[in-house]
Each structure stands twice: as structure tokens, then as C-alpha cells.
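Just remember that our numbering sits 26 ahead of the position in the sequence shown, which is counted from 1.
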Amino acid sequence: MVAALLPVKEFCRAKQRLAGFLTSQERSLLARTMFEDVWDALREAERGGQALLRQGSGGQALERLLVVSAEPYVIARCREEGVACLEEEEARSHSDSVRLATQWAMGLGVTSLLSVPIDTPALTAPEILALLELHPGPLAHARGSDCRYAVVVAPSADGSGTNALLRTPPDAIAPQFGPDSCRLHVQEAETKGLLWRVFPSPGLSADIDTPEDIEAFLSTERRCRTWALLQHWVGSRGRVPA
């Protein structure tokens, strides 16, 4: 089973690097709005994947959405829509949340796991499906060996970080997000002899962590709830502070 994992930090703890531009209430609202955008893209991709499976189409298809979070709003949303959620009892780093949820997902029968953050509100369902199409799946062979696994990394805008990580099986390599994580993920895949790919994607590279990110995001043609919210705030302030 191919699943997407959406780790969601508590909204009140999100976007601390924007504290000089946004109030705590605004940062919380921004996190919630970004969650809604990414949630919609993943749910649309999930519906599309299920339709492909019903048609008997080949290739990879997103079959299920999973969430790991301690945020009450997110937990309630999952319950309302029947989405499986691993409820965290304590705050963890993004990497630690993904590590914890990876084992949980494997227990649910997940064989391929795509980890996506809420920091990428410009993400679209077609981009998710395109990423899955690049992923050769469990029968992939690396350099003529009998290796059965593959890794796809979607890098951040600067090419250093990792904004999405697709692994088959889910524990093929360890998730280690943050600066230089793209190289580290590729390096571990190489060390293990796994077939890997890098998937540059506009929707997955446009993360929002700094005022500079906001400025770059608003210059794109992607229109979503987050874009409208940030455009409103920037318009009321006159500029994005450096």
C-alpha cells in the first residue's frame, strides 16, 4: 500500500522564525491555513489514486493519507473525515515525528511512504502523482543488483533541504530533515545500494519559513489560501521585513 504521511506540529509552536513579522496568533493561523492547502492536495491525490486502482492502471497510486500530530484541530479533522492519525503526546522534531510514524505506518501495511510537510502550501495533486510516477516501486533494481527498494527526494528551493521523501519500504533510509538533508538522504541511499531519484518540484520547493520565503512565495503564480492570507498581511504592512 502506498501512503502519504503528513506530520503537523502544534499550530501555536509553528513558524517561530517569522516572529519578527507575524504575531503568535498570526503564525498559528498561517500554520492552519498551510495545513488546509496541503491537506486538500493530498486528499485530492488520494481520491485520484483510488480511482486509478479501480481502473486497474499500472504504476504507483496514492492509496491512503496518514497524519501524525499533537494539534487538536488536526486530530479532530482526521476523526471527522476518517483519516488515520497517530496522536503525539509530546512535542517532537519533524524528523522524530516521521521516524515514529514510519513504524506505525508499516504496522498498518504501508509498503511505500511519502512524507510531506505542511510548509509547502503550493503543492498540487498532479505534482504528488507525478512524484509517485517517478518512484519505481518495490521491484526496482539498483545498478543491476538484486536490491528491491527505491528512494525519491524532493529538495527545498535551495537544493539543500528535503521537503518530501518517498521510501520503499518506509524504513529504507532514515528520515533526517533540515539543512543538508537532501545530500544526507541521497548519501544513505547510495551507501545501501538503493536506486534513488531527486524530484525538483515548484509546489514542493516553495516552503515558508522566513520573510524571504514569503516574498518569493508571493511572486509565484500559485494561488491558494496561504497565498491570499500572506498577500493580505503584506498589503496591510506595506512590505515584507528583511
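Note that CB positions come from ideal geometry on N, CA and C, so glycine has one too.
- Judged by DSSP secondary structure, Thr-188 falls within the beta strand (DSSP E) whose first and last residues are 188-194.
- For Cys-38 and Leu-55, the gap between their C-alpha atoms comes out near 9 Å.
- Contact between Leu-210 and Ala-127 does not hold, since the beta-carbon distance rounds to 19 Å and is not under 8 Å.
- If you draw a straight line from the Cα of Leu-112 to the Cα of Ala-131, it is about 9 Å long.
- In the DSSP assignment, Cys-111 forms a beta bridge with Val-93.
- Beta-carbon to beta-carbon, Leu-192 and Leu-140 are separated by about 4 Å, close enough to satisfy the 8 Å threshold.
- Rounded to whole angstroms, the gap between the alpha carbons of Trp-65 and Arg-103 is 10 Å.
- In this chain, the beta strand (DSSP E) harbouring Ser-138 covers 138-141.
- The criterion of a C-beta distance shorter than 7 Å is not satisfied by Glu-97 and Val-142.
- Segment contact: the region 46-53 against the region 62-76, fewer than three CB-CB distances shorter than 8 Å; contact not assigned.
- For Gly-108, the closest of Ala-254, Thr-59 and Glu-72 by C-alpha to C-alpha distance is Glu-72.
- Per the coordinates, the alpha-carbon of Pro-228 lies some 18 Å from the alpha-carbon of Pro-237.
- With a minimum length of 4 residues, the unbroken runs of alpha helix (DSSP H) contained wholly in the region 193-253 fall at 207-217, 228-231 and 237-244.
- Under the criterion of beta carbons closer than 8 Å, Ser-186 and Ser-231 do not qualify as touching, at roughly 11 Å.
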